[in-house]
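Read in our numbering, the sequence shown has 543 at position 179, and its numbers run on one by one without any break.
We put the beta carbon where it would ideally sit given N, CA and C, even for glycine.
Structure first, commentary second.
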Amino acid sequence: MKKWAVAVLLLLAGGSWACHTEKRGSRISTLKEFEHEFADPSREYRTAPFLVWNSDTQKSDIDRAMEELKRVGAGGGFIHPRMGMITEYLSEDWWELCEYTLKRGKELGLDVWLYDENGFPSGPAGGLTQEAMPESYNQGHSLVMVRADTMPPMHPDYTVVLQREGDRFEDITDRAASMAGARGEFYIFEKYYMKPSARWGGFPYINMLMPGVTEKFIEITMPGYERHMGADFGTWVPGIFTDEPHIRPDVGATWFTDLFERFEQRWGYDLKPQLPKLFDEIGEDWRKIRHNYRKFLLEMKEERWAKPWREYTDAHNLKWTGHYWEHAWPNPHVSPDYMMMYTYHHIPGIDILFNQYDETRYQAQFGNVRSVREVQSVADQMGYPRTLCEIYAGAGWEFSFFDMKRQADWINVLGINLLVQHYTPVSLKGVRKLDYPEVFSYQLPWWPWYDYLGEYHARLSMVMAAGEHTNDIVVLQPTTSAWMYFIRGENKVGYKIGQIAQPFQEMVTALEANQVEYDIASEAVMAAYGSVGGDRLHIGQRSYRTVILPATMENINRSTYDVLQAYLDNGGRILLFGEGPQYLEGEEARVELASLLASEGVVRLPELTVEVMNRYLRNDRIRFADDVAGQGRLYHQRREMQDGQVVMLNNVSDTESISGEVILAGADVLAFDAMTGKAAVYPSEPAGEGKIRVSYQLYPADHLLLYATDRKTSGYPPAVLETDLKPVSPSSEISVDPD
365 MKKWAVAVLL LLAGGSWACH TEKRGSRIST LKEFEHEFAD PSREYRTAPF LVWNSDTQKS
425 DIDRAMEELK RVGAGGGFIH PRMGMITEYL SEDWWELCEY TLKRGKELGL DVWLYDENGF
485 PSGPAGGLTQ EAMPESYNQG HSLVMVRADT MPPMHPDYTV VLQREGDRFE DITDRAASMA
545 GARGEFYIFE KYYMKPSARW GGFPYINMLM PGVTEKFIEI TMPGYERHMG ADFGTWVPGI
605 FTDEPHIRPD VGATWFTDLF ERFEQRWGYD LKPQLPKLFD EIGEDWRKIR HNYRKFLLEM
665 KEERWAKPWR EYTDAHNLKW TGHYWEHAWP NPHVSPDYMM MYTYHHIPGI DILFNQYDET
725 RYQAQFGNVR SVREVQSVAD QMGYPRTLCE IYAGAGWEFS FFDMKRQADW INVLGINLLV
785 QHYTPVSLKG VRKLDYPEVF SYQLPWWPWY DYLGEYHARL SMVMAAGEHT NDIVVLQPTT
845 SAWMYFIRGE NKVGYKIGQI AQPFQEMVTA LEANQVEYDI ASEAVMAAYG SVGGDRLHIG
905 QRSYRTVILP ATMENINRST YDVLQAYLDN GGRILLFGEG PQYLEGEEAR VELASLLASE
965 GVVRLPELTV EVMNRYLRND RIRFADDVAG QGRLYHQRRE MQDGQVVMLN NVSDTESISG
1025 EVILAGADVL AFDAMTGKAA VYPSEPAGEG KIRVSYQLYP ADHLLLYATD RKTSGYPPAV
1085 LETDLKPVSP SSEISVDPD
């Protein structure tokens, strides 16, 4: 059986659209609702590019940009000041442009989203934060460790001075000035200041863990938006984007003024004599010190960045969205636990850069299954219906419609349902051309035809926001294990981070490739939202029957231990790969953990094989044939509806087709064409026990979208099946003529 017509070539169909006014956030849960919205998606499902002001922006620039976004099927855009901007940020001219943009958005039926920064990363307000609050940057960002066998003259930036005797360190900071010239083994912890940058108004980046910095940032940036746009917060101004806020110094260990006081309150001991263990493997407890330090930094980033922003956006009816530098996992220097940070966003998001598909590296971009599954898992666990991806940055000027479709399909099938194209600029003059192209604007020769993709993206985003995405399996992420081995700026344990991360990346990629339906769990999220009910582990709004402990999970937190113990006591099941964790909160606890893992519900397995997946990890609502033909790469997502289930199949390969069979729970099946918005009856045959058998063929970068209904359907035409589709060759050589 061949695949229903979903064109590989994208310039075959088009359409127009009208603005919808349906209530935002209502779940599409029935075939009738699905079919109506799929034909002509509301603006909330449509793409929202960065609307970049990177010049002396005029109202005429805004008119042209927004009219073009409307024409190509976007649902709105994010006001984003960026490199090259001449208009003064937060000036009266700025606010006049913001008001005008909102006015035009209402006229055109486009949402006007906000962006919290002048440039990126978030926090400096283009340097206004540092100008108003010098202590946000001028007290240092980190501590650098310097060893000396002769005590040098004391310097104001020497924050902690230790003298070593064996594995013991004595804090001699108070008397170090009088010891200049003394011989011994000294460890000096010196403040490091990040370098100034034009990106931040000529200041260094902020130290966002300093008390009050985030509040000052909000105080500087948001009152103007409240005055000029606040009446439309939550409607025409849905929310605000935060971009890559981080606690990463260039070198050393993150520091802030009340670090030692707050750390001792949290852990009950003085961090100062333990500082060398953040840099060297000294003594017996260096894993514990590093674990506690990273956990503390996570809690401080929550307290001093995420909570103020979440409280502000809740109070002002704004959806908080954006992304962190999630590709860096498991390196904790930007955010010790990205999944925990997602819980504070109303629309958690990620960024996918470039256009090189790579499933193999744990810090890859396009192809990195883990980074997308993390954000969808948190959204499902928290009950957030939307997930965002800033997409296409750095893909290059040669980026084609085929590439755009391929990357977006992959993002969609993994659960993203709001695409933010990077970006739509008002200018491409001069150096602006170098700012992470591709761009999405009238300057590009293919722009007149981009509406085909605009409609296409809107429909798939709607699909991935419909119904409920529920999985029965959860994989615990070994984030806290990596905390024990990370050293900023040194490579000697870099291999250990990779030894923890790479097998985990391979595990989740293998689960994906074998069509296993699963979520990922963060220990921090479990600590905040985990519980046990009967023989199921609950994380927020999701419930799991099977828990997977990956082979590289060396450490678990005490909160994780307690939840897993209760889960096993109630008849839960853990699939354990490898030896199992040996550390609790960074402290060796082999006996205690061995007792936990000796429970009857723990199944020890040497490796993740197809046989293991077939025995323990299959979902009865969907079954794939083992003999998938071709060399493509198949992905799928399944969403439960009140009257059936929606399944998207995607072949991410750009060269090879793939075909096979899938058995679905249901009585009938419809195929929905994301290029046309139409539905048709897809061929199927009974498979017994309330199931149907469906054959599929997917061409390169192709997908098939099915709605398996609980009852027989009527009134739909039969699907037209195409065979032997081939790319159309160019009719002539490409020529370029200057205008």
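If the five residues before and after proline 560 are omitted, its C-beta is found closer than 7 Å to the C-beta atoms of Gly566, Phe567 and Pro568, all from its own chain and listed in chain order. Closest in C-alpha terms to aspartate 1007, from the list Glu463, Met593, Gly831 and Asp596, comes Gly831.
A Cβ-Cβ distance of about 26 Å is found for the pair serine 764 and glycine 448, leaving them out of contact under the 8 Å criterion.
Our two residues, tryptophan 813 and glutamate 645, have alpha carbons roughly 59 Å apart in a direct line. Each residue's CA atom was taken as its position, placing glutamine 629 and tryptophan 669 some 20 Å apart. Under DSSP, no beta-bridge partner is assigned to aspartate 634. When C-beta atoms of the segment 695-711 are compared with those of the segment 584-601, fewer than three pairs fall below 8 Å, so the two segments do not count as touching. By the criterion of a C-beta distance shorter than 8 Å, alanine 953 is surrounded in its chain by Gln946 and Tyr947, once the five residues flanking it on both sides are discounted. It is roughly 5 Å from the alpha-carbon of isoleucine 912 to the alpha-carbon of leucine 939.
The secondary-structure analysis by DSSP pairs asparagine 919 across a beta bridge with Tyr947.
At a Cβ-Cβ threshold of 9 Å, glutamine 841 and alanine 885 count as neighbours. For glutamate 876, the closest alpha carbon among the candidates Phe988, Glu887 and Gln785 is that of Phe988.
In this structure, aspartate 722 and phenylalanine 605 do not form a Cβ contact; the two beta carbons are roughly 26 Å apart against a cut-off of 8 Å.
If you look at isoleucine 443, you'll find it in the beta strand (DSSP E) that goes 440-445. The beta carbons of glutamine 494 and isoleucine 570 sit about 6 Å from each other, so the pair counts as a contact at 8 Å.
DSSP, reduced to helix, strand and coil, places leucine 960 within a helical segment of the structure shown.
Apart from the 5 residues on each side of it in sequence, lysine 860 sits with its Cβ closer than 6 Å to the Cβ of Tyr849 in its chain, given in chain order. One alpha carbon belongs to glycine 965, the other to alanine 958, and they sit about 13 Å apart.
Look at threonine 585 here: in three-state DSSP terms it is helix. Pairing glycine 441 with threonine 788 gives a Cβ-Cβ distance under 9 Å.
Three or more beta-carbon pairs drawn from the segment 1068-1084 and the segment 1044-1056 are found closer than 8 Å, and the two stretches are therefore classed as touching. About 21 Å separates the Cβ atoms of arginine 906 and aspartate 933, ruling out a contact at the 8 Å cut-off.
Between isoleucine 837 and threonine 910 a beta carbon distance of about 5 Å is seen, short of the 8 Å cut, so the two are scored as contacting. In this structure, the alpha-carbon of valine 601 lies about 8 Å from that of leucine 466. Distance from the Cα of methionine 768 is smallest, within the candidate group Tyr820, Val733 and Ile450, for Tyr820. Annotation for arginine 770: the continuous alpha helix (DSSP H) segment containing it runs 765-777. Alanine 772 has its alpha-carbon roughly 38 Å from the corresponding atom of aspartate 899.
In the structure shown, the three-state DSSP call for valine 795 is helix. Under the 10 Å beta carbon count, serine 424 is surrounded by fewer than 16 other beta carbons and is classified as exposed. CA-to-CA, the gap between proline 801 and isoleucine 611 works out to about 27 Å.
If you draw a straight line from the Cα of glutamine 879 to the Cα of valine 827, it is about 19 Å long. Residue environment for tyrosine 708: buried (at least 16 other C-beta atoms within 10 angstroms of its C-beta).
The bridge partners DSSP lists for valine 476 are Gly441. According to DSSP, residue pairing for lysine 1055 in a beta bridge involves Ala1029 and Gly1052.
Taken in chain order, the complete beta strand (DSSP E) segments of 3 or more residues contained in the segment 640-697 are 683-687.
Going by beta carbons, phenylalanine 624 and lysine 636 fall inside the 9 Å limit.
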